[in-house]
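>
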Amino acid sequence: MRILIIEDEITLNRTLQEGLTDFGYQVDTAENYKDAEYFIDIRNYDLVLTDWMLPDGDGIELCKIVKNRSSRTAVVIISARDDKESEIEALKSGADDFIKKPFDFDILLARIEARLRFGGTNIIEIDDLIINPDEEKIEYAGEEIELKGKPFEVLTHLARHRDQIVSKEQLLDAIWEEPELVTPNVIEVAINQIRQKMDKPLNISTIETIRRRGYRFCYPNVAEDAKK
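Be aware that the sequence shown starts at 8, since it is given in the numbering used here, and climbs by one per residue.
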């Protein structure tokens, strides 16, 4: 499960990051609205935990962006505001929960776990292709495909952004924890494994290379539709 923390109070930001990481969550952090927008654009989150007041923007507006992009992503607003009207405003804006500062970490953790239990499905279904990110499993026409690790994550990310061309840099940022420590050719290796382990045996095409721009998910494509 991946969580984005947006909190401009540095000490609290780090405390939340360390605490959630200790409980097995993958955690990204931002300290302002601009950086949060960047992460929301390139990655898929199970939950976004955001402060209401940010130095360059508003957590409520970020909540709306998250929900417009993926309604299944849970959003928890944390705020020093303690009035009933603020809590109602946050929930009406689309937030799944509102937690007043200061809060106990164990209570916050329990409420995060509750929100993640009630979240929507991660499963991607496109014609005969089913991708289940939670179980790292792929099925095509009822047949299970052996594709794991980074190739699986690359395929999943491209499938979630199937209307977009995704660059190598965007894939590195979205999937690798420390993208600056790896070279872009790891993407080519992952794409090649997808084609060798999945596309070639099944006689389908899932990813097309867009020269000098990146990759695009292309299943089902026109050629395949014509065969049906």
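Where is the CB? At the ideal position from N, CA and C, for every residue including glycine.
Name the DSSP beta bridge partners of ARG218, please?
Note: ARG218 sits in no beta bridge, so no partner.
> How would you label GLN171, buried or exposed, when you count the other beta carbons within 10 angstroms and need 16 or more for buried?
exposed
> Tell me which residue opens and which closes the beta strand (DSSP E) that ASP180 is part of.
No beta strand (DSSP E) holds ASP180; the alpha helix (DSSP H) holding it covers 175–182.
> For ILE194, which residues in the same chain have their Cβ closer than 6 Å to its Cβ, ignoring the five residues on either side in sequence?
LYS175, LEU178
> Going by other Cβ atoms of all chains shown within 10 Å of its Cβ, with 16 needed for buried, is ALA197 buried or exposed?
buried
> List, from N- to C-terminal side, the beta strand (DSSP E) runs of 3 residues or more that fit wholly inside the stretch 98–181.
104–107, 131–133, 136–139, 144–147, 150–152
> Confirm, please, whether the CB-CB distance from ASP53 to ALA97 is below 8 Å.
no
> Assuming contact is defined by CB atoms lying nearer than 8 Å, are LEU23 and ALA43 in contact in what I supplied?
no
> Per the contact definition of three or more C-beta pairs closer than 8 Å, is the stretch 83–98 in contact with the stretch 130–143?
no
> Helix, strand or coil for ALA233 per DSSP?
Annotation note: pLDDT 39 at ALA233 (below 50); position unreliable, no value reported.
> In chain order, what residues of the same chain lie with their CB nearer than 6 Å to the CB of ARG9, ignoring the 5 residues before and after it?
GLN33, TYR52, ASP53, listed in sequence order.
> Tell me the rounded alpha-carbon separation between PHE110 and SER212.
50 Å
> Taking the runs of the beta strand (DSSP E) that are 3 residues or longer, which of them lie wholly in the stretch 9–94?
Runs of the beta strand (DSSP E) inside the stretch 9–94: 9–13, 33–37, 54–58, 81–86.
> Between which two residues does the alpha helix (DSSP H) holding ASN192 run?
192–201
> Does LYS234 pass the burial test, meaning 16 or more other C-beta atoms within 10 Å, or should it be called exposed?
Here LYS234 scores only 42 on pLDDT, less than 50, and its place in the model is too uncertain to base an answer on.
> Contact check, ILE100 vs TRP59 under 8 Å by CB: the rounded distance?
Before going further, note that residue 100 is Ser rather than Ile in the sequence given. Not quite, the Cβ-Cβ distance comes to about 10 Å (not below 8 Å), so this is no contact.
> Identify which residue in TYR222, ASP103, LYS41 has its Cα closest to the Cα of THR163.
TYR222
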